[in-house]
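Before any comments, here is the structure.
Chains as they are written, first to last, in our numbering: chain A, -12 to 171; chain B, 1463 to 1733.
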């Protein structure tokens, strides 16, 4: 179904593209929110990515690769949004996943605070590889495709991001013994 | 964080939390925008060289076969009472010339030679096909981004030796430097000298092409900007209809951009 819509949209059918956007929009937003840590910025990035996808769609050679192709556009849109608006802490809307009433028996509120802070200390590029790898569960080569990186670079970026994340969490845990106790 | 809590597992769990719903207002905004925006015209092969070459070879053979078949049908032995081609099922006993089948004017009978030759720029990181019988003049100096003058060293020129500066293709390229791709293309609009432009993709490189038979392209890829133009003189009325936009797009379809092969030489110092 998606391939058919892509082919129709490539012929200039805006209605088909609208349907296609509604099929992939939620997932795009989920990715963008996780990369940008801000739902307003994420919505802007998704909107920009979908518009770019429309204008560039005829350059997509394999309609079955629409979603990976779109994710690469989305990644660039996220980078652009991150660079355009430096408002990581101000005007922040709480992400749906960070609310304490979410059913989760594994992460405490303190865990989430630690992780949120640690993620925000990473660069947007580091967050992108983490999101594609851990959220979408993609292999390194697919992460590389969606971030426009050589495989080796994607691999080392994931390694450095994970190491930075670990260091950040450990530093915060040391600074707040209360959290450390909970995590222990 | 303790050793018992693996940060990778934690981040995995953290990122799995929550679900997002893109608001209708975002879809509506996208829809409003795409109703206003035109899609880029994609010309030329996508950047998968092996497939491109095989496909291009196949298409080339197919085009030659079609041309031969059509040529044989048009130029084959004339049917009795006819002017050539397939015999009429009901030949007229008294054929009468009609204005619609009058002898074609010299301009209408011209056809561009086939794109059988291949050109690879020594400086600009581009290769393309050009017509049989044409000749080339390779660039010997880097292009500084200015307009082109036939025969000047910074650009490659591919031209009909009998028509020289009345009919030629020219290509040039330069690193886009600190400019974004859009900025570089916007800067080149003055060099393009087209009343209007529209988006285009040439061999995977995005940029702008002139509209209304203004056959000039400015595209960028991998940090390099390319300028490709077809110049047709108005002095010879048959040239523009023969070497028209369709013909130019045929040339663009053969373009292969190789920014990694470009050479940005420094101009030699004056003696």
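Glycine included, each C-beta is placed from N, C-alpha and C at the ideal position.
Remember, it's a predicted structure, so these values are computed and weren't measured experimentally.
Beta carbon proximity, residue 1501 of chain B to chain A, threshold 7 Å: yes
Burial state of residue 1595 of chain B, where buried means 16 or more other Cβ atoms lie within 10 Å: exposed
Cβ distance (whole Å) where residue 96 of chain A is taken to contact residue 22 of chain A below 8 Å: Not a contact, Cβ separation roughly 23 Å.
Contact under 7 Å by Cβ, residue 1589 of chain B with residue 1582 of chain B: yes
Continuous beta strand (DSSP E) stretch holding residue 1663 of chain B: start and end: 1659 to 1664
Nearest residue (CA-CA) to residue 1712 of chain B, options B/1721, B/1686 and B/1665: B/1665
Selection from B/1627, B/1631 and B/1606 that minimises the alpha carbon distance to residue 1618 of chain B: B/1631
Candidates A/17, A/6 and A/18, of which the one nearest residue 1489 of chain B by Cα: A/6
Per-residue burial, residue 1658 of chain B [other beta carbons within 10 Å of its own, 16 or more giving buried]: exposed
Three-state class that DSSP yields for residue 1574 of chain B in the structure shown: coil
is_contact[residue 66 of chain A, chain B] using C-beta, thresh 7 Å: no
For residue 147 of chain A, the nearest candidate out of A/115, A/100, A/0 and A/-5 (CA to CA): A/115
Pairwise C-alpha distance: residue 54 of chain A and residue 133 of chain A: 9 Å
Residue -10 of chain A burial status per 10 Å Cβ neighbour count (16 or more: buried): exposed
Start-to-end residues for the beta strand (DSSP E) that takes in residue 122 of chain A: It is not in any beta strand (DSSP E) - residue 122 of chain A carries neither H nor E in the DSSP assignment.
Beta-bridge partners of residue 1715 of chain B, as assigned by DSSP: DSSP output for residue 1715 of chain B lists no bridge partner at all.
Proximity of residue 1502 of chain B and residue 42 of chain A at Cβ, strictly below 7 Å: yes
Ranges of the beta strand (DSSP E) found wholly within the segment 1615 to 1676 of chain B, counting only runs of at least 3: 1618 to 1621, 1629 to 1637, 1659 to 1664 and 1667 to 1672
Residue 1497 of chain B at chain A interface by Cβ criterion, 7 Å: yes
Distance, residue 1674 of chain B Cα to residue 1635 of chain B Cα: 24 Å
Chain A contacts made by the segment 1694 to 1722 of chain B, where a contact means CB separation under 7 Å: none
Cβ of residue 1643 of chain B within 7 Å of any chain A Cβ: no
Buried versus exposed call for residue 159 of chain A [16 or more other C-beta atoms within 10 Å across all chains shown]: buried
7 Å Cβ cutoff, residue 129 of chain A in contact with chain B: no
Buried versus exposed call for residue 1655 of chain B [16 or more other C-beta atoms within 10 Å across all chains shown]: exposed
Anticipated Cβ contact below 8 Å, residue 122 of chain A with residue 1484 of chain B, distance rounded: Rounded, the Cβ-Cβ distance is 16 Å, inconsistent with contact.
Nearest-angstrom Cβ-Cβ length linking residue 1633 of chain B and residue 1690 of chain B, presumed shorter than 8 Å: 5 Å
Residue environment, residue 1591 of chain B, which counts as buried when at least 16 other CB atoms sit within 10 Å: buried
Cβ-based burial, residue 1551 of chain B [other Cβ within 10 Å; buried from 16]: Caution is warranted here: a pLDDT of 32 is assigned to residue 1551 of chain B, below 50, making its placement in the model unreliable, and no coordinate value can be reported.
Short CB-CB distance (under 7 Å) between residue 1663 of chain B and chain E: In the structure shown, chain E cannot be found, because the protein chains are A and B.
Distance, residue 16 of chain A Cα to residue 61 of chain A Cα: 9 Å
Helix, strand or coil at residue 1687 of chain B [DSSP, three-state]: strand
Backbone secondary structure at residue 53 of chain A - three-state DSSP: helix
Pairwise C-alpha distance: residue 1472 of chain B and residue 1491 of chain B: 36 Å
Cβ-based burial, residue 1470 of chain B [other Cβ within 10 Å; buried from 16]: exposed
In DSSP terms, what residue -11 of chain A is bridged to: None; residue -11 of chain A has no bridge partner.
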